[in-house]
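According to our numbering, the sequence shown is numbered sequentially starting from 7.
Every residue gets a Cβ at the ideal spot worked out from N, C-alpha and C, and that includes glycine.
Some notes on the structure that comes next.
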Amino acid sequence: VHNGIIENYQEIREKLIKNGYTFYSDTDTEVAVKLIDHYYKKYNEGPLDAMARAMMRIRGTYALAVMFKDYPEEIFVARQDDPMIIGVGEGESFIASDVPPLLPYTRKVYYIGNQELGRLHKGEVTFYNIDQEEIQKEYHKEFLSEGVMFYYYKRTGAVSIPRTDGMGDENYVLPYPDFEIQSGRVQ
């Protein structure tokens, strides 16, 4: 699965054709998958290595989720500038471009950073930097109260709260720690 735009896909496509690859479409998604396949077969170092090598060649914005035949119980993800959220539940893992689709299934939500990779397995995720070194991440907390959802973003230091005053569609953005949540209400 690919979300984004690969700016140099034509250049990569031409090099892959010279290496014996054939294409069934003109999409940048097919180019990304075949580039990952190329590195997977050429270096035989596994999915993370193949995806990291591909990330170094691809110019543009993308969120990729890839399955490998040799790793049927896992999904490998990579991100550069396009949104990607990872959710982890009991015995299951999820990928989305925003938090709300994940909330019916889990409250354990992780943000994958630029030039980071992830390895998802049932109920667990491991994160890596572009050098394939494991990195630790804490999941972000959601506060649910009286039908109003609060997102606490550690990376931005702000809370986004849906407006309920009828004065527009924008959310309130409150800097942290200039507020407190007491008894389900923002103070």
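| Asked | Found |
| --- | --- |
| Local conformation of I118 per DSSP, three classes | coil |
| First and last residue of the uninterrupted beta strand (DSSP E) at R85 | Y77 to Q86 |
| Beta-bridge partners of F74, as assigned by DSSP | Y77 |
| Reduced DSSP category for E152 - H, G, I as helix; E, B as strand; rest coil | Unreliable placement is indicated for E152, whose pLDDT of 33 sits below 50; the coordinate value is still reported in the next sentence. DSSP places E152 in coil when its eight states are reduced to three. |
| Contact between the stretch 49 to 64 and the stretch 89 to 103 (3+ Cβ pairs under 8 angstroms) | no |
| Bounding residues of the alpha helix (DSSP H) (the contiguous stretch that carries H44) | D34 to Y49 |
| CB of T67 within 7 angstroms of CB of I11, strictly | yes |
| Same chain only: Cβ atoms within 6 angstroms of R59, ignoring 5 sequence neighbours per side | Y45 |
| Residues that S103 bridges to, as DSSP identifies them | Per DSSP, none; premise fails for S103. |
| Rounded C-alpha distance that separates M62 from G119 | 15 angstroms |
| Terminal residues of the alpha helix (DSSP H) in which I91 lies | Segment I91 to G95 is the beta strand (DSSP E) holding I91; no alpha helix (DSSP H) there. |
| First and last residue of the uninterrupted beta strand (DSSP E) at Y134 | E130 to N135 |
| N9 beta carbon less than 7 angstroms from that of A84 | no |
| E140 burial status per 10 Å Cβ neighbour count (16 or more: buried) | exposed |
| Nearest to Q121 (by Cα), restricted to the options Y111, F133 and P110 | F133 |
| CA-to-CA distance, G26 to K114, given in whole angstroms | 43 angstroms |
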